[in-house]
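Protein chains in written order, with the numbering used here: chain A, 1 to 50; chain B, 51 to 683.
Here it is in structure tokens:
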């Protein structure tokens with residue numbers, strides 16, 4: 001799955017965040033989906049993009 | 051001053067001869083100026099910042115290709131002119147001019163031709179810019195307010211680029227004349243007219259070139275997916291060498307063989323032109339080969355550009371299949387959302403889908419996350435969105451995969467096995483047809499039969515509920531998200547396309563630019579063949595006189611000339627047509643489309659019409675030059 005949508009991404013076990021064509025960071029889903037979703041949203045906000 | 055006047059007089063006298071050269075070059079200048087103005091005008095700003103940068107990059111690279119091409123073209127043309135005029139120059143020497151003065155005169159003459167070409171090109175560019183831009187935007191499917199524009203900067207850049215190329219080549223011509231001996235000048239147009247092409251060596255090289263060309267076509271037929279690079283490279287190399295060989299050995303060989311057969315030669319005036327044609331083809335094989343290869347390149351570029359555009363359009367259409375999609379972990383209270391969306395338009399249709407994203411590893415340890423749905427859900431969903439299902443319900447252990455279209459992908463496709471902890475599913479059918487709008491761009495969809503679906507789900511499965519909605523008018527997704535915010539409560543996501551954020555729009559510009567480059571190549575290739583026939587007509591003057599003296603009627607000679615010239619135009623065109631069919635087939639396979647061939651045939655038709663026109667002009671010119679025109683009889 002390749003997506004701009006944080007909600008879809010929260011269903012994955014691992015999320016690779018891309019920025020300017022490079023892997024910016026990696027997230028592992030160790031918690032419940034809704035908590036993981038929050039974490040992705042926060043990270044996106046701190047990265048300053050969509 | 052005297053010399054300047056002489057060069058102007060010469061230029062005027064030879065204007066007919068320079069015509070194809072000036073027309074081709076001014077067309078190049080016209081396109082160059084309009085490309086530059088388009089970049090300068092800010093019209094591309096409507097595409098957004100990123101796309102504008104990409105489009106500038108595409109146009110800039112096209113300009114580099116164009117300039118390189120112009121350089122080769124001028125190089126070639128100056129050589130042709132030089133050879134043609136050498137004898138005349140020899141005569142000038144006897145009249146008392148020295149070589150330096152002749153070089154000076156010749157340089158002036160070339161500059162005059164060049165300057166008029168640039169002048170005409172830029173004037174045409176200014177006058178037709180609006181038409182050009184309208185066509186460009188039409189081809190790119192974009193809308194913009196286009197006004198008449200004149201960019202001094204672009205005109206200067208264009209003129210400077212052309213002049214720089216010109217100066218380099220004129221200096222070269224100047225030096226060449228200085229270094230040529232008088233004897234060479236006087237004998238320049240006299241050549242050995244017997245060319246032996248029937249020996250064993252000729253047979254071997256003919257067969258070899260035929261094999262290479264067929265090998266190239268075979269490779270083109272073998273090109274399957276985007277990863278068949280080896281075949282692509284091999285096809286390109288073999289076709290280029292094959293085309294060269296075809297003109298160099300095969301065609302002269304076959305024609306010569308035929309001319310040795312009396313039953314063939316003594317029919318339909320063939321004695322008058324077949325041998326001459328053998329001589330011409332053998333002498334001009336490089337030109338014909340280059341013309342054919344260049345036309346092939348431009349046709350392939352055009353086809354590839356078109357395929358990219360079609361694919362991009364299909365992707366954009368797939369993304370925009372629905373006005374918006376709602377995603378939620380729970381079943382949605384859709385009536386609340388419909389109420390909130392009411393100001394944005396009336397609902398045309400909506401459909402619900404339930405599935406779960408499943409993460410698995412394939413045999414190569416690549417990790418995928420695909421959406422898994424049940425067949426009964428998929429069938430009901432298709433009915434709601436008024437689409438036919440892809441296939442019947444798969445049997446146990448089998449599944450269907452619906453994936454996104456890629457613009458270009460160098461990666462291998464995913465394997466055909468999807469593994470679940472409970473069982474393994476084999477993909478029996480795949481498709482890139484869009485059923486799930488932008489969701490399908492995000493992830494692949496796997497459709498299982500109902501029994502398998504139940505088997506791979508359990509109490510802990512995290513479902514995703516999707517609601518696809520089509521409204522009766524376009525919707526602004528950001529505004530819609532704001533309207534949904536109070537009821538969405540962070541757990542519902544609204545997906546939609548943002549038309550202002552189309553990050554692939556530059557593909558359309560690529561197609562439009564390819565189209566204009568194609569025009570430049572075709573016009574110039576026509577110009578090159580035209581120049582060659584002009585050159586040949588000059589050579590043939592004495593032959594025509596001899597034929598006239600031995601009592602051959604002008605009518606017969608004209609008919610022979612028509613056939614010979616027809617052949618010189620038809621040969622490259624025919625070879626281009628045959629090769630382009632293979633190339634188009636290969637591009638269709640790589641880009642997974644089936645719609646290029648009719649457009650390719652249309653393109654070939656346009657080229658054919660242009661060449662027919664050039665052929666008619668050439669015939670006129672040839673007859674006049676060799677004293678065969680009907681008026682004089």
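All residues carry an ideal CB built from backbone N, CA and C; glycine is no exception.
In angstroms with no decimal places, state the Cα-to-Cα distance between residue i and residue j.
i, j, result
"residue 243/B", "residue 622/B", "Its pLDDT being 49, under 50, residue 243/B is placed unreliably by the model, and the measurement read from it follows with that caveat. Cα-Cα distance, rounded: 23 Å."
"residue 303/B", "residue 334/B", "15 Å"
"residue 150/B", "residue 132/B", "15 Å"
"residue 285/B", "residue 568/B", "21 Å"
"residue 256/B", "residue 305/B", "12 Å"
"residue 178/B", "residue 89/B", "16 Å"
"residue 615/B", "residue 580/B", "10 Å"
"residue 328/B", "residue 627/B", "22 Å"
"residue 686/B", "residue 649/B", "It is not possible to answer for residue 686/B, since the shown part of chain B is limited to 51 through 683."
"residue 508/B", "residue 396/B", "38 Å"
"residue 216/B", "residue 346/B", "27 Å"
"residue 71/B", "residue 330/B", "21 Å"
"residue 6/A", "residue 445/B", "34 Å"
"residue 228/B", "residue 222/B", "10 Å"
"residue 381/B", "residue 414/B", "36 Å"
"residue 373/B", "residue 499/B", "29 Å"
"residue 25/A", "residue 378/B", "26 Å"
"residue 435/B", "residue 196/B", "39 Å"
"residue 668/B", "residue 175/B", "27 Å"
"residue 119/B", "residue 326/B", "31 Å"
"residue 375/B", "residue 384/B", "12 Å"
"residue 534/B", "residue 356/B", "40 Å"
Please return the same chain residues whose Cβ sits closer than 8 Å to the Cβ of residue i, not counting the five positions on each side in sequence.
i, result
"residue 491/B", "365, 368, 369, 454"
"residue 56/B", "155"
"residue 457/B", "358, 361, 362, 365, 554, 557"
Below 8 Å between beta carbons: does that hold for residue i and residue j?
i, j, result
"residue 594/B", "residue 671/B", "no"
"residue 575/B", "residue 341/B", "yes"
"residue 563/B", "residue 112/B", "yes"
"residue 497/B", "residue 423/B", "yes"
"residue 544/B", "residue 530/B", "yes"
"residue 587/B", "residue 319/B", "no"
"residue 292/B", "residue 262/B", "yes"
"residue 493/B", "residue 419/B", "yes"
"residue 391/B", "residue 518/B", "no"
"residue 128/B", "residue 224/B", "no"
"residue 352/B", "residue 186/B", "no"
"residue 349/B", "residue 74/B", "no"
"residue 590/B", "residue 676/B", "yes"
Which residue or residues does DSSP assign as beta-bridge partners of residue i?
i, result
"residue 28/A", "14/A"
"residue 518/B", "375/B, 401/B"
"residue 418/B", "410/B"
"residue 19/A", "22/A"
"residue 424/B", "498/B"
"residue 448/B", "476/B"
For residue i, count neighbouring C-beta atoms within 10 Å of its own C-beta (all shown protein chains included) and say buried if the count is 16 or more, exposed if not.
i, result
"residue 541/B", "exposed"
"residue 502/B", "buried"
"residue 65/B", "exposed"
"residue 47/A", "exposed"
"residue 653/B", "buried"
"residue 619/B", "buried"
"residue 32/A", "exposed"
"residue 148/B", "exposed"
"residue 399/B", "exposed"
"residue 656/B", "exposed"
I'd like the list of long-range same chain contacts for residue i, defined as Cβ closer than 6 Å, with 5 residues on each side in sequence excluded.
i, result
"residue 45/A", "none"
"residue 298/B", "335"
"residue 506/B", "470, 472"
"residue 613/B", "323"
Return the chain-ordered list of same chain residues with a C-beta closer than 7 Å to the C-beta of residue i, the five sequence neighbours on each side being excluded.
i, result
"residue 154/B", "53"
"residue 163/B", "61, 68, 71, 72"
"residue 388/B", "397"
"residue 466/B", "476, 477"
"residue 644/B", "638"
"residue 125/B", "219"
Is residue i near the ligand GDP, going by C-beta to nearest heavy atom under 7 Å?
i, result
"residue 168/B", "The model depicted lacks the ligand GDP and carries no ligand whatsoever."
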